[in-house]
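Here is the structure we will look at.
Protein chains in written order, with my numbering: chain B, 14 to 245; chain W, 33 to 266; chain V, 309 to 367.
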C-alpha cells in the first residue's frame, strides 16, 4: 500500500514538468497584453483551473449517480476525491478571476453569472463535506453524499441560467462603462497556445492529484475498517 | 380492502401521511405559531435595520418577503422532520407496505401547507405595515401564483434535504447549509417575478421567471421522488 | 494610445495565491497520508497484540 505505482511516479514527474512549463509560458512566452498589462497573465491559470474544476464537478455528479445505482463504495471515494479537488481548483479560479477583474472593473467582486455561480458551487461543495462529516455510517454517508451531489449537479447549471437571465434584464454597469464589458481582449496566437497548453497541463495535473486522492481514500477506508474490527 | 387498485392505496398513503401532520398541528399549533412569530420578527428586524424611504422599500418588498419565507420555511422543515425522528414515527411509516415516495409526498404536502399558511398571514400583515400602491398587488392572482410556485420548489427540495439533515449529527444547522445553495434559482426567480408584478412591469418579464420556476419545480420534484428511497434506507 | 498600466502587483498576488492553494492542497494530501499511515501501523500492532494474546493459553 505504501509505495506508489510506477505509472503514478511517472505522472508525478510529468505533472511537475508541465506545471513548470505552463508557468513559463504564462509568465514569459506569452506577450504582455496592451490594455490590461501584466495582470492578464493570470487569465491562463484562471481558465485552466476553472476547466479542472468543471471536470471535477462532472466526475462528482456522475460518480454520485453510479454509486446510487450500483451501491459500490468505490464510487463514493471517487466522488469525494472529485469534490475536494474541484473545490480547491474552483477556489483558485474564482480568486484569479476576481484579481483579473479588479484593475479593469475597479471592484473585487461583481455579481456576474459565472463568478456568482462558481461561488454558489463552492458552497455546495462545502455543504457536501459538512454533510459527510455529520454522518458516521460509511454507507449512509456515501448515499447522502451522492444524493446531494446529484441535487447540486443539477441545481448549479439552473442557477447559472437564472443569474444569466437576471443579468440580461439588469446588466451590471461598471464605472459607467459598457455593461457588456467582460474584460475581453483579442488573443494573439501565442496567447492562444499558452491557454491551450495550460488547459492540457492542468488536465494531467488533475489526473495525478485525483489518483493520489483516491489512494488516500483507500487508505482511510482501510484504517476505518481496522478501527471497527478492533473495537468489536 | 384487498380489491383496491394499487394507485389508490398509494394516494391514500400520501394523504394519510399529510393528514397526520396537519391534524397534529391543528391540535397543538406549536409549529405554526413558531413559524409565524419568527416570520413577523424577521419583518420587524428588516424594518429597523434597513432605513428605507418609500421608493426604496418598493424595490425591496419582494426580497424581504422571500427572505422571510425562506427562513421561516427552514424552521418548519426542521421541526416537521425532527418530530418524525424523535417519536420514531419514521420507522413506523417505513414499515408500511407502500412505496417510500408516498412518505415523501405526504411530508412535502404538509410542509407546503404550513408554509402557505404562514405566507397567507404574513402578506396581509406586511401590506398593513407598508401600505402603498404596490403592496395592493400582493393579493393579485399573479403574485399569489408565483408565491405558490416558489413555495412548491422550496418545499420539494427542502423536504428531501431535511430528511438527510435530521439524520446527521449537526441536525438543525445542517438544513440551511444544505438547502440555500441549491435553492438559489427558486429565490432568484420568485423574487424577480414578484418584483415585476409589484411594479406592474411587462408580463413577458414575469413569464420568463415563471417558466424558470416551473422547470425547476418539475425537475426537482421528479428528482426527489426518484431519490427519496436512498435517503430513508435503514 | 494609453500606456499599458502597471498591474504587476495584481499578477504577482494572483500567482502567489495559486501557489499557496495548490501546494497547500498537496501538502494537506501528504500530511493526511502520513497521519493515516501512522494510524494504520498502530492499529496493525494492536491487532497483532490482541491476536497473540488470544492464541495464548485459554486458561
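A virtual CB, placed ideally from N, CA and C, is assigned to each residue, including glycine.
Requested in this report: Mind checking who residue 46 of chain B pairs with in its DSSP beta bridge?
Outcome: B:50
Query raised in the report: By DSSP, does residue 115 of chain B sit in helix, in strand, or in coil?
Result: helix
Query raised in the report: Do you know offhand how far residue 335 of chain V's Cα is from residue 103 of chain W's?
Result: 39 Å
Query raised in the report: Rounded C-beta distance between residue 211 of chain B and residue 60 of chain B? I'm assuming under 8 Å.
Result: 7 Å
Query raised in the report: Below 8 Å, can you find three or more Cβ-Cβ pairs linking the stretch 199–217 of chain W to the stretch 62–78 of chain W?
Result: no
Query - Three CB pairs or more closer than 8 Å across the stretch 19–34 of chain B and the stretch 213–227 of chain B - result: yes
Report task. Within the same chain, show all residues whose beta-carbon is closer than 6 Å to that of residue 314 of chain V, passing over the 5 residues directly before and after it, in chain order. Result -> none
Query raised in the report: When you check each C-beta in the stretch 94–106 of chain B against every C-beta of chain W, which residues fall closer than 7 Å?
Result: none
Query raised in the report: Excluding five sequence neighbours on each side, which residues of the same chain lie with their C-beta closer than 6 Å to the C-beta of residue 138 of chain B?
Result: 96 and 100
Query raised in the report: Using CA coordinates, which residue listed in B:135, B:161 and B:147 is at the minimum distance from residue 274 of chain W?
Result: Past the boundaries of the shown model lies residue 274 of chain W; chain W is included only from 33 to 266, so the question cannot be answered.
Requested in this report: Alpha carbon to alpha carbon, how far is residue 333 of chain V from residue 340 of chain V? Give it in angstroms, no decimals.
Outcome: 10 Å
Query raised in the report: How would you list, in chain order, the residues of chain W whose beta-carbon sits under 9 Å from the beta-carbon of residue 66 of chain B?
Result: By Cβ distance, chain W contributes nothing, its closest Cβ being about 16 Å from residue 66 of chain B, past 9 Å.
Query raised in the report: Do you know whose CA, among B:54, B:106 and B:37, lies nearest residue 45 of chain B's CA?
Result: B:54
Query raised in the report: Which residues mark the beginning and the end of the alpha helix (DSSP H) in which residue 171 of chain W is found?
Result: Counting along the chain, residue 171 of chain W falls outside any alpha helix (DSSP H), and DSSP gives it neither H nor E.
Query raised in the report: Taking Cβ to Cβ, would you say residue 175 of chain W is nearer than 8 Å to residue 226 of chain W?
Result: yes
Query raised in the report: Do residue 190 of chain W and residue 143 of chain W have their CB atoms nearer than 8 Å?
Result: yes
Query raised in the report: Whose CA, out of W:138, W:80 and W:65, lies closest to the CA of residue 192 of chain W?
Result: W:138
Requested in this report: Alpha carbon to alpha carbon, how far is residue 146 of chain W from residue 87 of chain W? Give it in angstroms, no decimals.
Outcome: 32 Å
**Report entry** DSSP three-state assignment for residue 142 of chain B, whether helix, strand or coil
**Finding:** helix
Query raised in the report: Going along chain C in order, which residues have a C-beta closer than 7 Å to the C-beta of residue 361 of chain V?
Result: Included in the structure are the protein chains B, W and V, with no chain C among them.
Query raised in the report: Contact between the stretch 211–218 of chain W and the stretch 149–169 of chain B: three or more CB pairs below 8 Å?
Result: yes
Query raised in the report: When you compare only the Cα positions, how much space is there between residue 5 of chain W and residue 128 of chain B?
Result: There is no way to answer for residue 5 of chain W, as the model of chain W reaches only from 33 to 266.
Requested in this report: Look at the Cβ atom of residue 188 of chain W, then the Cβ atom of residue 260 of chain W, and state whether they are nearer than 8 Å.
Outcome: no
**Report entry** Collapsed DSSP secondary structure at residue 341 of chain V in the structure displayed
**Finding:** helix
Query raised in the report: If we count the other Cβ atoms within 10 Å of its Cβ and call it buried at 16 or more, is residue 49 of chain B buried or exposed?
Result: buried
Query - Length of the line joining the Cα atoms of residue 86 of chain B and residue 152 of chain B - result: 7 Å
Query raised in the report: Under a Cβ-count criterion, where at least 16 other Cβ atoms within 10 Å of its own Cβ denotes burial, should residue 108 of chain W be classed as buried or exposed?
Result: buried
Query raised in the report: To the nearest angstrom, how far is it from the Cα of residue 68 of chain B to the Cα of residue 125 of chain B?
Result: 22 Å
Query raised in the report: Would you say residue 199 of chain W reaches chain B, if we count a Cβ-Cβ gap shorter than 8 Å as a contact?
Result: yes
Query raised in the report: What are the boundary residues of the alpha helix (DSSP H) that includes residue 238 of chain B?
Result: 202–244
Query - Residues, ordered as in the chain, of the stretch 207–221 of chain B that lie near chain W by beta-carbon distance below 7 Å - result: none
Report task. Report yes or no: do the stretch 65–80 of chain B and the stretch 236–251 of chain W share at least 3 C-beta pairs separated by less than 8 Å? Result -> no
Query raised in the report: For the stretch 322–335 of chain V, which residues have a beta carbon sitting closer than 9 Å to at least one beta carbon of chain B?
Result: 322, 323, 325, 326, 329, 330, 332, 333 and 334
Report task. For residue 130 of chain W, name the three-state secondary structure that DSSP assigns. Result -> coil
Query raised in the report: If we cut at 8 Å on Cβ distances, does residue 353 of chain V have a partner in chain B?
Result: no
Query raised in the report: chain W beta carbons: is any one of them nearer than 8 Å to that of residue 69 of chain B?
Result: no
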